[in-house]
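Counting from 1, position 262 in the sequence shown corresponds to residue 261 in numbering that gives the first Met the number 0; the numbering is continuous, with no gaps. C-beta: ideal position from N, C-alpha, C; glycine also. Remarks on the structure that follows.
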Amino acid sequence: MTSATGRHLSHGGGMGDVRGGTKLVARVFADIIKENGGEIITKAKVKEVIIKNYNATGVLVKENGKERKIDAKNVVSNLQMNQVFSIIPENYFPTELVGRIKNYESVGGILMSIKASEPLEKKWPKGIYLISRLPGIELDGGNPPWGFEQISEVDPTRIIKGKGCLTQTYMCIKTKNPDEIHNKELMQKANKAQLDFIRKQWPRFDEILEWYITTAVESLYGCSSIPGQVGDRRPGVKHPYIKNLFFTGDTVSQWDVGTSGAAHGAVICASAVTGKDCLKILPEYMR
C-alpha cells in the first residue's frame, strides 16, 4: 500500500499530499465559487446557524466586531463534530448522537518540517515510512507511532528553487484523557526522542541539516480510530432533523483520515446537498 501510494503521488495524484501543496485545493475551489457568482468571506466567525421551523435559513457571523446575518438556501458546516454545539444547540440533535459526539477524541500530534541539503533516505526517497513505537519516550499507552515522508522527493514544487530536501515527520499525541499535547515538558521530551532517533538512523543528519521547525497541534486527525468512532458510527453528512443543514470534513461519514477523509466526506456531502451521485467521480473502491 505504501509503495502504491508513493507511486500515485509521484504521478500527480491527490491521495494524501497534493501536487503543489494542499492550499491549491482551496485556491481552485475559490476560483470555481467566484466563476459561478459566489462570494467568499474571510475573517467572519460563525456565531450560530439560524434555524426556523427546523429549517436552516442562514448563519449569524461576527465580522470586524459587528454581527450580521447571511441568508442561505443550504448551510454546510466543516467544523469538527465535537465542536458543532458551539453553533448549533445540542437539543437539535438526538440524545444518542449527542453522547457520541461528546465522546469524540481528536488525535493531536507533533509535526516537524526538516530542510536538509540532501535526502535522509536515499534508497527509497519517495516512500512513506512508519514505525509503530518511537523509542525514547513513554506516553499514555506506551511509545507513540512515528513516521516521515520526504515530500519534496515526491513533489519537487514543495521546495523553494528545487534545492535540497524537505521532510515532514509526525507523531500521534493524545488531546484528551490525558491531555498530553498541552504538557510542555512532555512534548519537549517527545521532540528530543524523535531527534535522537533521526540522528541514530542517519548519522550525517547534523551535517546536512539546514533548519527544522517543530509544531504541536491539537488536531492532527479529527476523530481517533477507537471502537464506536469509525465508519457508520460517525454522524451522517445530513442533519437528522433540520432541513438544508449539512456537515463535511473527516469527522462525518467517510472511510479515510486527514486530507483524504475530508475530501471523501466532502464528496458524500455534495451528493446530499445536490441530490446527485457525486461519488461516481471517485475510483470504485472509494464509493
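In this structure, the CA atom of LEU194 is about 24 Å from the CA atom of ASP154.
Here PHE92 is buried: its Cβ has 16 or more other Cβ atoms, across all protein chains shown, within 10 Å. Per DSSP, the unbroken alpha helix (DSSP H) holding LYS101 starts and ends at 94-101.
Spatial neighbours of PHE246 in its own chain (CB-CB distance under 6 Å, excluding positions within 5 residues in sequence) are listed in chain order as SER76 and VAL236. Looking at the DSSP output, PHE245 sits in a beta bridge with VAL75 and LYS237. For GLY126, no alpha helix (DSSP H) run applies, since DSSP gives it neither H nor E. In the structure shown, the three-state DSSP call for LYS191 is helix.
Less than 7 Å separates the beta-carbon of VAL251 from that of PRO234. Our two residues, GLY135 and PHE28, have alpha carbons roughly 43 Å apart in a direct line. Considering only GLU89, LYS65 and ALA115, the residue with the shortest C-alpha distance to GLY98 is GLU89. Annotation: LEU78 to ARG203 spans about 43 Å, alpha carbon to alpha carbon. Secondary structure of SER259 (DSSP, three-state): helix.
CA-to-CA, the gap between GLY264 and GLN253 works out to about 5 Å.
ILE31: member of the alpha helix (DSSP H) spanning 22-34, first to last residue. Between the alpha carbons of LEU133 and SER151 lies a gap of roughly 24 Å. In the structure shown, the three-state DSSP call for GLN200 is helix. Burial check for SER116: the Cβ neighbour count within 10 Å stays below 16, so the residue is exposed.
Following the DSSP letters along the chain, one finds SER151 inside the alpha helix (DSSP H) bounded by residues 150-153.
In this structure, the straight-line span from the alpha carbon of GLU148 to that of GLY126 is close to 7 Å. Beta bridge pairing from DSSP links TRP145 with ILE130 and MET170. The residue from ILE113, LEU129 and GLY141 with its alpha-carbon nearest to that of ILE158 is ILE113. Counting along the chain, TYR211 sits inside the beta strand (DSSP E) bounded by residues 208-220. Bridge partners of MET111 according to DSSP: THR168 and THR213.
Nearest C-alpha to GLY161 among PRO118, THR168, ASN142 and PRO177: PRO118.
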